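Following: one structure in C-alpha cells, then a few remarks.
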Amino acid sequence: MRPVLRATAHVLVTAAALAAAPAFAVEASGSDPAPSTASLADMDLESLMNVDVTSVSKREGKLATSPAAVYVITGEDIRRSGVRSIPEALRMAPGVEVAQIDANKWAVTIRGFNEEFANKLLVLMDGRSVYTPLFGGVYWDVQDTMLEDVDRIEVIRGPGATLWGANAVNGVINIITKKAKDTQGLLVSGGYGNEERGFGAGRYGFAVNDNIHVRAYVKGFNRDAFWDGQRNEQGADEWNQVRSGFRADLDAGKSHATVQGDIYGGESGANVHAITNLAPVTLREFDQDASVKGGNVITRFNHEFSETSSAQLQLYYDRTNRDDYFTPEIRDTFDVDFQHDWTISDWYRLLWGTDYRYSKGRTSSSFASSLVDPDRVSQFVAGFLNNEFTITDGLKLYLGSMAEYNSYTGFELQPSGRFAWTPNEHHTVWGAVSRAVRTPSQADDDVRVFVGTVVTQPVTLPPPYPPLTVNVQAVPEAVGQRNFKSENEAAYELGYRFFPTPTLSFDLTAYYNTYDDLRSTEPGSPTAQTIQNAIATFFSTGIVPGIPTPLYLENRIDGHTYGTELAAAWQVTKPWKLGLTYTFFRMHLENDKDSADPASVQVIEKSSPTNMIGLTSYLDLPYHLELDHSLKYTDNLRVPNAHVPSYFRLDTRLAWHPTETLELALVGLNLLDHRHEEWGSSYLYATSRVQRSYYAQATWRW
Amino acid sequence: MERKGLLSIAVAGLAAGGLLLAGAARADEGELGVKAAFLYNFTKFVEWPSKAFPSADAPITLCTMGDPSVAGEVQKVVADRSAQNRAVKVRAATDADVHSCQVVYVPDAAGASAPAVIAAAKTSGALTVGESSGFLAQGGMIVFTKQDNKLRFEINEGAAKGAGLKISSKLLSLAKSSGG
C-alpha cells in the first residue's frame, strides 16, 4: 500500500473503534446544553450578546431559490478551516478545482480547463475584476485581503456571462468583504509555523458618526518555499507580501456610498525554466523572485429611488506591477459600471446595466517571451438586460442577454434562459440554457514564447538553398495570431435543492456543456527568414543555432464536458456541523479535421480530476474549544509526461477562546503526508510538492 | 510515526466530541431567534408612558413589520412569557395598525416602513427597534448591529425620551456607543 492509502485506512479504523465506545463518551459529557428556541428567551442580554449568529441562514434563503449553481464560503468557514489564502479557501466549494503549483502559484478553475492561467473563470473582489487580459486568468499570488474581513466568497458554477460578461464561461467567483460597520473595533492577529514564517495583521474600525463607518488594515506574511521535486531539494518559491487597505461606508437612508482601496508589495519566488540563447541552444533553470506591487481604489454609489427601484454606479482604478522574468508588466485598468434593478409589476422585474473597461498593459520582453504590441490596450463596452417573470407563486422565469463590443473580436452576444421552481420551502428545481464566450487574451493574439523544451528534428532547407534535410535542434515557440477567435460554449444545467429538515440540506447540480473553437497549438514549419537567419548565424559564429519552430495559436478544438456536483450540510447538533461535497467531471475533446495539434487535447482532458470529495466537520467543545477537520480527496491527473497521483489532504484546527476577546489556534494543514504533488508541470517554472504545515495563531479583538 | 500520532488525536477528538454532544442540543434557531430573544429582553428594561397602554393590565404587544412570518418566528421564542407583570403578545403589524403596539420591530426587509413607524411611535409611545443603517438617524430608538457574527445594539436615547420612554441604565450600558 502507498503511504497515503495506509494513513487513510488508519483513519477509518480509529474512527470505527471510537464509534464503538459511545457509553464512555456520553458519560464524559459535562457541557452546557446549547440554547434551544424555547430557552433563548430565558437568556440574559449579556449571554445573548455571546451567541454566534451568522447571516448565512438569511442568505441561504435567497440562495435556496436561485436559478444557478451557487455555493457560499462564509467568513466563518475561512476562520474554521485555518487556510491562509484565498485560493486555498476555494477548495471548500464543490466543483472548484484547486491545484497548488508552488508555494505562491495556483491553478484554479471550475468545470475543467485547468492551468496556471485558467481562462474560463471570472474572479471579482468587491466588484473589481482580477482577471488579467494579458494571459486570460488570475495571478493568485496578489489576490488577497485581510481574511478576517471577508464576509463571504460566492462561487457560481456554470456560465455567468449574461450578468457578468465575457470569460465567465464556467464560473464566477465573487470575494466580498464585510461592511465597515461590521468590522468595528480593533483586531490584532499573528502567528508562526514551519511553513508560515511569521504573519501578522491589524485592523481598526471606527464610526465617524451614525452614518459613516471606516476601517483600515495592514497585514504581512512570509512563507517558506515548498519542495522542488525535480531537483529534490528545497524550492525557490518563497513568498512574502505586505498589504494595507481601507474601506469607508456612508449610509444615508436611501443612499449608500462606499470608498475602498488597497496597496500591496512583495516577492513571489520561482525556479524559472527559460530558453536564454539559441546559438547554442541554452535552457537555463535559475531562481528568481518576481517583484509584485499594485493598488486599487473603488467607489460605489447605491440609491433606492423607491421600494421597487434601485441603482448602483461603480468606478474603479487598478494598477498591477509585476516584474517577473518572462513578461514584466505594468497594467492600468479603469472600469465604470452601472446597474438598475426595477420591479415593474408583481410579475415582472427588470435588471439592466452597462459596463465599460479600459485596460492597458505596458510589457517588456525577455529572450524567451515577447508580445508583438507590448503596449496594447484592451477595451470593451457591454450592456445587459435580464427579465425576471413570476409565472406563479413558486415559478420564476429569467430571460436575458449580455451584448458586448470588445477590441479583439468585436460584437459578442451571450444570452441565457433560466427557471426556478420552488413548490414549497423544502424543494427548489432550477434549470438553465446559456451561451458564453471566452474572448482572446493579449497573448492569444500577440505572444511569442519559447515553451522551454528542445527537440531534435529534421528540417528541409527552403529555396534558394538546395533541398537538403539536416537535423537541427528545434525550439518550439508559441505564436499568437491576430485572427484568433473567441472560444464558444453552450451550457445546459439542471439543479435540485432539497431541505428535508431545517438542519439538513442538499444541493445537486448536473450539466452538459459543448465547446467549439477552443484554443489549439498548430505546429508550423520554420519560416524561410528563420532559416536564413540561422545560416547567417552559423557562418558568422561557427555555431549551429537552434531553430524556432512555431506553434500557432488557433481555434481548432471542439468538445463537450459533463458532470455533477453535490453539496450537503448537516447541523448534527447545535455545536456540531458536517459538510460534504462531491464533484464528478468528464471531458471529451476532438481536434478539428484540419488540426495537427498533437498534444493539447490530451493535456486539457487530463488536467482535471474525475472525482473530488470533501468532508468537513466543525465542532464546538466545552471550555470554549473548537475542533475542526477537513478531509479532501482528489483523483489523479494522467497528463502525458506530467502524471499527478491521486491524493488526500487532511487539515485540522484546534482553537481555544480563553476570554471573549482572545482566540488561540493550532492549525495543521496537509497532515497526511510529508509532501505531495498537485500539479504536474509548467513549461515556465519548476513545480513544487506541497509540504505538511503547522502553525500557531493568536487573534485578539477589542 | 508522527503522522500516526497526529491522526489518532485528531480522529479521537472528532469522534468523541461528536458523540459527547449528540442529542444534547437542538437545531440552530438562527439569527431571527436570537433577535427575538433580544426583543423580549428589551421589554424588561423599558418604562413606557402610561398613554402607551389602554389599561393597567393590558399586554405588551410586540409587533413586527413586513413579512408576517417574522411574527411567527418571534412568537416561537417569546412563547407565553411576561414582563413587568404584563403578558407579552406578538403579532404582525402594518403601517395602519402600528399605533396599538408597545414594541415595533422593523426588519431590514421592511425598512421602507421605518419613517411611518417612527412617526406613529412618537405619539403612541412605542419602542422602535430597527436594523437598517440610518434607523437611529431617522429617529428610531434601538438598532441591531453585528460584530464578528455576534449581535450588538445601539440606542438613540434622545428619540426614546422624545416619545416619553425611559430606558434603564443597564440597557444603556450594554449598548454600543453609537459614536455620536
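Protein chains in written order, with our numbering: chain A, 57 to 758; chain B, 429 to 608. Just so you know, even glycine gets a beta-carbon here, dropped at the ideal spot from N, CA and C. Note that the structure is predicted; figures quoted are calculated from it, not measured.
If you check the CB distance, H616/A and T570/A come in under 8 Å. In this structure, the CA atom of P514/A is about 19 Å from the CA atom of T338/A.
Put simply, the CB of D266/A is near chain B, with a gap under 8 Å to one of its CB atoms. Exclusion of the five residues before and after S561/A leaves F555, A625 as the residues of its chain whose Cβ lies within less than 6 Å of its Cβ. The beta carbon of G461/B sits closer than 8 Å to some beta carbon of chain A. T597/A and V353/A have their alpha carbons spaced roughly 53 Å apart.
Out of Q156/A, Q435/A, N267/A, V152/A, the CA that lies nearest to the CA of G214/A is found in V152/A. According to the DSSP assignment, D500/A belongs to no beta strand (DSSP E) but to the alpha helix (DSSP H) extending over 498-502. For the region 546-565 of chain B, the beta-carbon criterion of a distance under 7 Å to any beta-carbon of chain A is satisfied by S561, G562, L564, A565. Three or more Cβ pairs closer than 8 Å define a contact, and the region 515-530 of chain A falls short of that threshold against the region 446-453 of chain A. Taking L599/B as the centre and dropping the five residues before and after it, the same chain places the C-beta of F473 closer than 6 Å to its C-beta, in chain order. The three-state secondary structure of G568/B, taken from DSSP, is coil. Judged by DSSP secondary structure, G551/A falls within the beta strand (DSSP E) whose first and last residues are 543-557. At least one C-beta of chain A is nearer than 8 Å to the C-beta of N469/B. Rounded to whole angstroms, the separation of the alpha carbons of I546/B and K275/A is 43 Å.
Here the C-alpha atom of E323/A lies approximately 19 Å from the C-alpha atom of E144/A.
Contact annotation, R705/A with N726/A: C-beta distance approximately 5 Å; criterion of less than 8 Å satisfied. Put simply, the backbone Cα of A330/A is about 12 Å away from that of E533/A. Proximity of chain B to K237/A at the Cβ level (cut-off 7 Å) is accounted for by S561, T573, in chain order. Exclusion of the five residues before and after G724/A leaves T708, Y750 as the residues of its chain whose Cβ lies within less than 6 Å of its Cβ.
Excluding residues up to 5 positions away in sequence, N692 lie with their Cβ nearer than 6 Å to the Cβ of P701/A in the same chain. Residue burial annotation: F563/B is buried, with at least 16 other C-beta atoms found within 10 angstroms of its C-beta. DSSP, read as helix, strand or coil, puts L517/A in coil. Excluding sequence positions up to five before and after E661/A, its CB lies within less than 6 Å of the CB of M643, L645, all in the same chain and listed in chain order. Residue contact check for D563/A against chain B: no CB pair falls below 8 Å.
At a cut-off of 8 Å between beta-carbon atoms, V315/A makes no contact with chain B. Between S463/A and V503/A, the alpha-carbon positions lie close to 17 Å from each other. Any Cβ of chain A closer than 8 Å to the Cβ of F466/B would place that residue at the interface, and such an atom is present. A distance below 7 Å between beta-carbons, with the five flanking residues on each side excluded, links A163/A to the following residues of its chain, in chain order: A155, I157, N170, E171, E172, A174, W735. Going by DSSP, K517/B is part of the beta strand (DSSP E) stretching over 514-520.
As computed with DSSP, G619/A is found in a beta bridge with Y567/A, F641/A.
With respect to the 8 Å criterion, D653/A and T583/A are not classified as neighbours on the basis of their beta carbons. Under the rule that a run must span 4 or more residues, the alpha helix (DSSP H) segments found entirely inside the region 121-192 of chain A read 131-137, 142-145. Beta bridge pairing from DSSP links Q753/A with G247/A, A721/A. Contact note: N106/A reaches chain B through K578, using a C-beta cutoff of 7 Å and chain order. The beta-carbon of L602/B is placed less than 8 Å from the nearest beta-carbon of chain A.
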